[in-house]
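What the first sequence shows, in our numbering, is residues 2 to 580, in sequence order. Even for Gly, the Cβ is constructed at its ideal location relative to N, Cα and C. Predicted, not measured: the structure shown is a model, and the values here were computed from it.
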Amino acid sequence: MKSSSRRFSEFFIPTLKEVPAEAEIISHQVMLRTGMIRKLAAGIYSYLPYGLMALKKVEDIVREEMNRAGAIELLLPSVQPGELWMESGRWNYYGPELLRFRDRHNRESCLGPTHEEVITDIVRREIHSYKQLPITLYQIQTKFRDEIRPRFGIMRAREFIMKDAYSFDIDEQGCNRSYENMYRAYEAIFRRCGLRFRAVEADTGPIGGSFSHEFMVLSDTGEDEIVSCQRCSYASNLEKAEVVEQGEKSSVSEEERVFQVVDTPEVRTIEELTSFLSIGPENVVKTLIYQTESEPIALLVRGDHSLNETKAKNALNAEELTMADPDTVLEVTGAPMGFAGAMGLKVKVLADLSLKGMKNMVMGANEEDRHVLNVNEGRDFRVDQYADLRMITPEDPCPRCGGSLQFGKGIEVGHVFKLGAKYSNALKANFLNEHGHETPVIMGCYGIGIGRTVAAAIEQCHDENGIIFPISISPFEVIILPLELHESRVREVADQLYGQLSDNGLSVFLDDRDERPGYKFKDADLLGTPVRITVSTRTLRKESVEIKLRSSPELNLIPLLEAATVIRKTVQSLYDSLK
RNA sequence: CGGGGCGUGGCGCAGUCUGGUAGCGCACCUGCUUUGGGAGCAGGGAGUCGGAGGUUCAAAUCCUCUCGCCCCGACCA
């Protein structure tokens, strides 16, 4: 008998009737109610048996697809020496998210939030020749990131399980192939998990690297905003989405009018300004004073646009970018916040492309309670550099094909990066190429949040009664509910079916608790097992059992003699639908 | 870290303003009845009221400090 089959009475699934107050989103609520997880501390969870089973289902799919793609599994330590992080330069860069401590010998250590350093260390020690490349290594392991604010249960925990893979190639072309290969494996993985997802272009963040895609599960509870093209396959994280400036703006051909200062008492925001002056926000230049790690700078965007800090950071090549505090604003502009303008600024000025050539704009006068009208670049202020600095809007066209864009939310469950030689250079992971030259290995890295994938699946597949598991990640494939345990025939048939299906390799959950029918139905719905079999005196009167899919309200009777076969086929067809 | 909120049997909450025997629903245990959508009756067990200090004849309740958790923001796979 397959060991994954279980009897409720001999298993441990502590279900909850009421929703714990701490849970906000559906997946968190339902994972607590089904007894999948329990919280130990903020962002730290115990996985109870039912939750662990779901995690393992996802892990198994990930392993199969990674192995199929030629990746090789290993397991790296979670405690890592600080030394290695100092060598890569991330000891200082990573910040408080990296949980650091000293061991008894007073050696700096940390809990691994990711494993580029460790894996690169292995490769630098063991790989010396192009003949050993390419290679892709992966692990499924617990990570720790000391998040400022963990939330949504397992969705954004401090301790979490992640599959991380790292590819090593002799050159860029090879790395691109490895990247492609992983990208395709990811598509296969999430498809098999029964998820509606989209791969989007993304910023690389602190992991670094040259380009990257995020795999987003489409869900309104997602924390990331994504845009996708309705016509072509373009999809992107909102913060990464390029804006293509199209055509000439109406005001570009205008005559430059006479510069004019106006009194605007207590008018600070764009809304206040546009209603005070009765103009449209597109005629206003927003002057934002920011602070990088080295200097204050001014960023200009149009009044109806918002600044994309990621783009600004990249355009400036800055490591840090934060809104300047009121004192800095006063120092740079000579005015309190709300009246900043670009005229006469000593700091570097970057402007969004949409402002290029715009005439007779309105901006702050760098003087309290004053704005200026008819401001023109060149004549009245200077721009050091034009760049794509703003957030894309629903009015903007697709940067690839010009089609219209759709905005939505997503949960990031996977991320693939092309790292290039960032870590191999820092850690001197070199090999000898076929010409005998020492060359850095070219790396890629690829993560999947295992727990987050389970949570995202629940977020996407549920109804008011509980989970509707895609069969591929459901802890059990079939749940059997014998309704009247005191009836020996009911119990016998249920037991027999349980044994028979289990022997056939199905994972079956037998609810053999002496509970009333309603209670069992509710729990079965909560747990979300795809196929439900009910055995009762009523069904046995017709020498049948009842079959119902969790995903459909339809009830059907199947004759006892055919039951096992029909159930097997039903399960199989559910798997087939995920291919 | 800034703003807001909450800590009272396992879970969900009332009681705190106005100090005076610690309560309700669910869950749990025993018995009987009940059995197709979270049963009924009867009986029962279970709480340092987050912690420390203080005020008071008397503190869940008032004061001070502290810890934990949740939400919003900044941050982030």
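Do the stretch 472-479 and the stretch 503-522 touch if we need at least three Cβ pairs shorter than 8 Å? yes
What do you get for Lys132, buried or exposed, if any count of 16 or more other CB atoms within 10 angstroms of its CB means buried? exposed
I need the straight-line Cα distance from Thr137 to Ile120, nearest angstrom please. 11 Å
In terms of residue numbering, what span does the alpha helix (DSSP H) encompassing Pro50 cover? 50-69
CA-CA distance, Leu100 and Ala200? 30 Å
Taking 8 Å as the threshold (C-beta atoms), are Ala189 and Glu66 in contact? yes
Ignore the nearest five residues each way along the sequence and tell me which others in Glu369's own chain have a CB closer than 8 Å to its CB. Ala336, Pro337, Phe340
If we call anything under 8 Å between Cβ atoms a contact, is Asn177 one with Glu202? no
How far does the beta strand (DSSP E) with Glu547 in it reach, from first residue to last? 545-550
With distances taken Cα to Cα, identify the nearest neighbour of Ser405 among Phe198, Val245, Phe216. Val245
Mind checking who Ser425 pairs with in its DSSP beta bridge? Partner(s): none; Ser425 has no beta bridge.
Between Lys18 and Thr35, what straight-line distance do the alpha-carbon atoms span, to the nearest angstrom? 9 Å
For the putative contact between Arg303 and Asp353, defined by C-beta atoms under 8 Å, what is the C-beta separation to the nearest angstrom? 7 Å
DSSP three-state assignment for Ala458, whether helix, strand or coil: helix
From Tyr235 to Ala316, what does the alpha carbon distance come to, in whole angstroms? 22 Å
CB contact flag (Met362, Val285, <8 Å): yes
Using CA coordinates, which residue listed in Glu296, Pro135, Ile393, Ile468 is at the minimum distance from Ser307? Ile393
Nearest candidate by alpha-carbon position, reference Ala42, set Pro114, Ser110, Gly154, Glu88: Gly154
DSSP state of Tyr291, grouped into three classes? strand
May I ask you to list the residues that DSSP assigns as paired with Arg101? Cys111
Does Ile393 come out as helix, strand or coil in the three-state DSSP assignment? coil
Cβ neighbour criterion (16 or more within 10 Å) applied to Thr566: exposed
For the structure I just gave you, are there three or more beta carbon pairs, one from the stretch 533-548 and one from the stretch 558-575, closer than 8 Å? yes
Touching or not, the stretch 220-235 and the stretch 408-420, by the rule of three or more beta carbon pairs under 8 Å? yes
Taking 8 Å as the threshold, find out whether the stretch 513-532 comes into contact with the stretch 467-475 through three or more Cβ pairs. yes
For Pro21, does the count of other Cβ atoms within 10 angstroms reach 16, so buried, or fall short, so exposed? exposed
Using 8 Å as the cut-off, can you tell me whether the stretch 325-336 makes contact with the stretch 274-283, which would need three or more C-beta pairs spanning the two stretches below that distance? no
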